[in-house]
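Laid out in structure tokens, this is it:
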């Protein structure tokens, strides 16, 4: 029988458990980045609508989305996917900008077809 005062070492998690914990942490970071960028979109959007772009709420929304999208890229790169090996940062950023411009273009085209203008 062992000594009752003897400390028992906690079992160290195996590689699979560490991967699961890292994956869960990545999900939490991903949700956190999304929440921060959502709040950033709201703040920029309403800030522009209530001050500079009172006559152009859609333009304020597009600017807010652009700001939030760029912030999301950098925050996700830093916090969510920071431990994953990446390729060339410049190429990735160019791809990101092209996809973001396409997304904003499609959204704007749909809005224009429904409403008639961006103002």
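In our numbering, the protein residues as written are 105 to 223.
Cβ atoms here follow ideal geometry from the backbone N, Cα and C, with glycine treated the same way.
Supposed contact pair residue j and residue i - C-beta distance, whole angstroms, cut 8 Å
i           : j           : result
residue 218 : residue 184 : That belief does not hold up - the Cβ atoms of residue 218 and residue 184 are roughly 33 Å apart, past 8 Å.
residue 171 : residue 144 : 7 Å
Spatial neighbours of residue i in its chain, beta-carbon cut-off 6 Å, leaving aside the 5 residues before and after
i           : result
residue 164 : 149, 152, 153, 157
residue 161 : 153
residue 200 : 177
residue 147 : none
Contact set for residue i: own chain, Cβ-Cβ below 8 Å, skip 5 residues either direction
i           : result
residue 134 : 180, 184
residue 197 : 177
Backbone CA spacing between residue i and residue j [nearest angstrom]
i           : j           : result
residue 173 : residue 204 : 8 Å
residue 212 : residue 122 : 43 Å
residue 124 : residue 155 : 46 Å
residue 175 : residue 128 : 22 Å
residue 216 : residue 142 : 24 Å
residue 126 : residue 195 : 27 Å
residue 120 : residue 193 : 30 Å
Residue from the options with nearest C-alpha to residue i
i           : options       : result
residue 209 : 176, 167, 194 : 167
residue 169 : 120, 126, 206 : 206
Discussion item. Is it the case that the stretch 136-153 contacts the stretch 170-183, given that we only count it when at least three CB pairs across the two stretches are under 8 Å?
Written reply: Using a C-beta cut-off of 8 Å, the stretch 170-183 makes contact with the stretch 136-153, since at least three inter-stretch Cβ pairs fall below that distance.
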